[in-house]
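Below is one structure, written out as structure tokens; comments come after it.
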Amino acid sequence: MAAEEPKIQEITDDVEEHVHDHAHDHDHDHDHDHDHDHEVADGAGVTVVSRGEKKARKLILKLGLQKIEGVNRVVLKRTRNAVFIIENPEVYKNPSSGTYIVFGEAKVDNQATNIASQIAQLAAQGGAAGAPAGAEAASGPASKDPASIQADLAAAVKDVSLNEKAAAEPEVADEDVDASGLNEDDIRIVQEQANTSRAKAVAGLRANKGDIVNTIMELTT
């Protein structure tokens, strides 16, 4: 019996090739702006701009608005004597419509608001004391509420008094006014609340020994 020939079996190692296709299509736009949060030390004088405000500013730049340089402060007056102040704002103007867009931190001017409230109270008290007792009975029921009537009377008196003072007093240039010893914020508040010039505001504060409320009452009555 012939011997069997040895069988040789060929063993091959199957190696799987893993091909990773890292090609990406970059036909679409990517926004590579990254917002990083950094801690800002107290008193560093750094203005932190939010992500939403950054996007809004980018959109405004695309609208072709004109940036206004040299604006140090913006004062916003709303109803009920509310006054807001924005220090070092970023201001843009729409050349076609003349409207403005202001970026910045709005803070309530509590001093001006409190003074305006005091003036309104004093004006209401003065109007109530000076009204004749039989005025309401003689005229019948009023078509307006007392607050509206008082506001109309105050506006009429203010217009007459301002016209008389403008005719009687010579105009003084603001740059020639000596404001030494007076607070610049007090002068500004008197100018805004009384709608008067710097010269008259300074003169009124000196005459009333720096009392803001009395000065405004004097200039508006």
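Each residue of the sequence shown is one higher than the one before, counting from 1 in UniProt numbering.
For every residue, glycine included, the Cβ atom is placed at its ideal position computed from N, Cα and C.
Asked                                                                                                                 : Found
Exposed or buried, ALA194, counting other C-beta atoms within 10 Å across all chains shown (16 or more means buried)? : buried
Below 8 angstroms, can you find three or more Cβ-Cβ pairs linking the region 201-211 to the region 88-104?            : no
By how many angstroms is the C-alpha of ILE119 removed from the C-alpha of ARG188?                                    : 16 angstroms
When the distance is taken between beta carbons, is ILE86 closer than 8 angstroms to ILE60?                           : no
From which residue to which residue does the beta strand (DSSP E) around GLU90 run?                                   : 90-93
Between ILE216, ASP211, ARG57, which lies nearest to THR196 when the distance is taken from Cα to Cα?                 : ILE216
Are the C-beta of VAL177 and some C-beta of chain E separated by less than 8 angstroms?                               : Note that chain E does not occur in the displayed structure, where there is just one protein chain.
Taking the straight line between their C-alpha atoms, what separation do you get for ARG51 and GLU105?                : 15 angstroms
If we count the other Cβ atoms within 10 Å of its Cβ and call it buried at 16 or more, is LYS200 buried or exposed?   : buried
Let me check understanding here. Comparing Cα to Cα, which of ARG198, ALA123, VAL213 lies closest to ALA179?          : ARG198
Mapping the DSSP letters down to three states, classify GLU69 as helix, strand or coil.                               : coil
Put VAL177 into one of helix, strand or coil per three-state DSSP.                                                    : coil
Tell me the DSSP secondary structure of GLU184 in three-state form.                                                   : helix
Can you give me the start and stop residues for the beta strand (DSSP E) that LYS209 sits inside?                     : It is not in any beta strand (DSSP E) - LYS209 carries neither H nor E in the DSSP assignment.
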